Structure formats: structure tokens, C-alpha cells
Ligand SMILES: [Fe+2]
């Protein structure tokens, strides 16, 4: 685990890919005095390590803000205090498959949330999951959850999406592109910075997703990635999409 202090009150806990795993994890901690809001928990092991580090710094975890409710983002809640405030999309029940000890407080897409010096606002971005949200932090960073994923060496990870959600994932990425952000942080992989890098990353995913959708899942791998400037890892996600398309 590495801890980067991005700003006085903003920490990035980074867990690089373990051997055999496709992706690592970023957990962001926003500090408000001694209280901490964490964005996502990853699995139990990562949540425990972050909690231990925060405790060693005299801080206490009071809030968890969830980008979406897939297990690699919320399973760590099991290792945390049941009294913690968990914030996430009003659509969380569509994705959450296991019981967690905390009650989920739905975020408001019109009013946002204030936590110390952090002004947070939320935008629904369904596709990767029904409950995916984009999180704006002080107008400076945009957390895109798993709308974009990569490895820490910068290699892009193929978008993960169920076949029937392809059009939604495309719409959410097009919305993200229109936002013209210059600092995008992710749950998996390093920050993307600069308009050019961000637009290229989004266009690569869009090209792949549209190739699969427009062919109704009947394209080859070479055809699917022919418009992309990157080399993807995670080809198994493509095989899964093709299998779903015939059902
Ligand atoms: Fe994920």
C-alpha cells in the first residue's frame, strides 16, 4: 500500500495489482478535522489496512462514499463500523448482492454534499453498473469510478459491461467526454490528466463499445479494437460480452 498526500486534506491510498490480478485499487480519503470520508473500500483486506493507517494518524473513518456497489468497491464495508455513514446512488439495490452491516444513504443528484472543505456533487452514469455515479470534488477532480479503468503501468483495461447495458455505458462515456475535465481520478489505475489524454482514453473505450454494439456482438476481437489507440488487457471481458449477446 502506498499513501500519497494529494492535498493537505486529501489522501490517495494506492494498492498496486497483486500477482494474478487484473487491477489494483485507489481509495481516496477526504479529511475533515479528525473525521474521514473514504471513497470506496475495495475488499476487506484493503479496507482494514486503510482503517489501521487512519487510526495510527489519529483519524476516524466516519463516512464511505461509494462509486458503485460492485464487490471490489464495497466488500470492505464488512470490516468497518456498522455506524459509518455509507453514501451512494439511489439505485444501489440493483447492484448490491451481499448484505453489508451499514444502512445506505442515497445521494442527491440535485443538492450534493458538503464534507469539511469538500464540496461534492454527483451525476448518475449507468452502464458499468446501474448505480455508477461520477463524483465531482471541489470542481477540481472528477472521480469516474469504473467508467475508465487501467493498470498502474498505464495499460488500459477493457471496459467491463453487461451486453444489455452497452448503450448506457456508451451514453455515460459520451457525457463524461462532454464534461471536458482535466483531472480524472479512477478506482483502478493512475489519475488521467489533461484534456488530450482524457479524450483519447474515452474515445478508445467508446470505439470498442460501439464496435461490439453496432455488430450486435458479432465482431471479431481485431474488429472490436481496430479503432483504439491502446493495447487493452482484460480480453476475457470481450468474450463474456459475445457470449451474452447470443442469449
Ligand atoms: Fe471495480
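Residue numbers (my numbering): 128 to 374. C-beta atoms are modelled at their ideal positions from N, C-alpha and C, and glycine is treated no differently. It should be emphasised that the depicted structure is a prediction, and the values quoted were computed from it without experimental measurement.
Under the rule that a run must span 3 or more residues, the beta strand (DSSP E) segments found entirely inside the stretch 145 to 202 read 152 to 159, 162 to 166 and 187 to 192. DSSP links residue 365 through a beta bridge to no other residue.
Here residue 286 is buried. Its C-beta has 16 or more other C-beta atoms within 10 Å. About 19 Å separates the beta carbon of residue 221 from that of residue 271, a gap too long to meet the 8 Å contact definition. Residue 234 and residue 140 have their C-alpha atoms some 23 Å from each other. In this structure, the alpha-carbon of residue 259 lies about 25 Å from that of residue 136. The beta carbon of residue 373 sits closer than 8 Å to the beta carbons of 344 from its chain, once the five residues preceding and following it are set aside; these are given in chain order.
When secondary structure is reduced to three states using DSSP, residue 278 falls in the coil class, being assigned neither helix nor strand. Secondary structure note for residue 139: its beta strand (DSSP E) is the uninterrupted segment 137 to 142. For residue 142, the CB contacts under 6 Å within the same chain, skipping 5 residues up- and downstream, are 128, 151, 152 and 173 in chain order. Short of 7 Å from the beta carbon of residue 197, and not among the five residues preceding or following it, lie these beta carbons of its own chain, in chain order: 222 and 256.
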